[in-house]
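Its first residue numbered 1, the sequence shown is counted upward by one per residue in the UniProt record's numbering.
In what follows, a structure is listed as structure tokens, so that the remarks can point back to it.
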Amino acid sequence: MTAPDIKISPITGPELIENLPALAALRIAVFREYPYLYDGDSKYEMRYLRTYSESPDSIIVLATDGDQVIGASTAVPMRHAPEEAREPFDGFGIDPDRVFYLGESVLYPQYRGRGIGSRFFEERERHAERIGGFDYYAFCAVERAQDDPRRPIDYRSLHAFWQRRGYDREPQLYTCFNWREIGEAQESSKPMVFWLKPVGANAASPAPESAD
Numbered sequence: 001m002t003a004p005d006i007k008i009s010p011i012t013g014p015e016l017i018e019n020l021p022a023l024a025a026l027r028i029a030v031f032r033e034y035p036y037l038y039d040g041d042s043k044y045e046m047r048y049l050r051t052y053s054e055s056p057d058s059i060i061v062l063a064t065d066g067d068q069v070i071g072a073s074t075a076v077p078m079r080h081a082p083e084e085a086r087e088p089f090d091g092f093g094i095d096p097d098r099v100f101y102l103g104e105s106v107l108y109p110q111y112r113g114r115g116i117g118s119r120f121f122e123e124r125e126r127h128a129e130r131i132g133g134f135d136y137y138a139f140c141a142v143e144r145a146q147d148d149p150r151r152p153i154d155y156r157s158l159h160a161f162w163q164r165r166g167y168d169r170e171p172q173l174y175t176c177f178n179w180r181e182i183g184e185a186q187e188s189s190k191p192m193v194f195w196l197k198p199v200g201a202n203a204a205s206p207a208p209e210s211a212d
């Protein structure tokens, strides 16, 4: 259950556009952590977040503690998603127009473990159901080697959490996104694998200890 002092707000339309700068700041801060190691800049953020400002059916789910934005999650119909996300579905036998794309979830570390991650999924899936016409929810996650020397000793993969939410990893459904990693002089290609969940499928019961 989400902590009572945290407010979760699904945002669409003009208000969504107003909150894109807060989302950009969160992405730059949180994605510096492993496994994304993102060395963010405003130019990349403006290019990437244009996806959500241009789609009438996109959503941002904001988590706030008082006046402070402490987390956010995004989603958009796959037909409006970046080409890197849409293209792999054509060769996988799934019509991308029938897929609702879950972009990212970013949350400051001190707020994790309070059920906010689960709420992010619930609100985005609920939004897709209101729109209608989708067969799958989908998101993609970066692939890192198990022996990556940058992997923190206390790092916990989110795979078990995603599986509890009803998502399955599809290793044959993959793509690449470009971003500049910490230590890189310029952007490079990063492998991403998709996770899918049929619309209407229920999430499994959460374990006592969750990563959300």
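C-beta: ideal position from N, C-alpha, C; glycine also.
- Distance from the CA of Gly103 to the CA of Pro198, rounded to the nearest whole angstrom, comes to 17 Å.
- Remark: fewer than three beta-carbon pairs, one from each stretch, lie closer than 8 Å, so the stretch 60–69 and the stretch 85–95 are not flagged as touching.
- Beta-bridge partners of Val69 (DSSP): Thr64.
- Looking at the DSSP output, Met192 bridges to Val142 and Thr175.
- If the five residues before and after Ala22 are omitted, its C-beta is found closer than 6 Å to the C-beta atoms of Val69, all from its own chain and listed in chain order.
- In the structure shown, Ala203 falls within a coil segment according to DSSP collapsed to helix, strand and coil.
- In this structure, Leu16 places its C-beta atom within 8 Å of the C-beta atom of Ile60.
- In this chain, Leu37 is not harboured by any alpha helix (DSSP H), its DSSP state being neither H nor E.
- With fewer than 16 other CB atoms across the displayed protein chains lying within 10 angstroms of its CB, Tyr155 is exposed.
- Per DSSP, reduced to three states, the secondary structure at Ile17 is helical.
- Judged by DSSP secondary structure, Gly93 falls outside any beta strand (DSSP E); it is assigned neither H nor E.
- For Tyr38, the CB contacts under 8 Å within the same chain, skipping 5 residues up- and downstream, are Arg27, Ile28, Phe31, Arg32, Trp179, Arg180, Glu181 and Ile182 in chain order.
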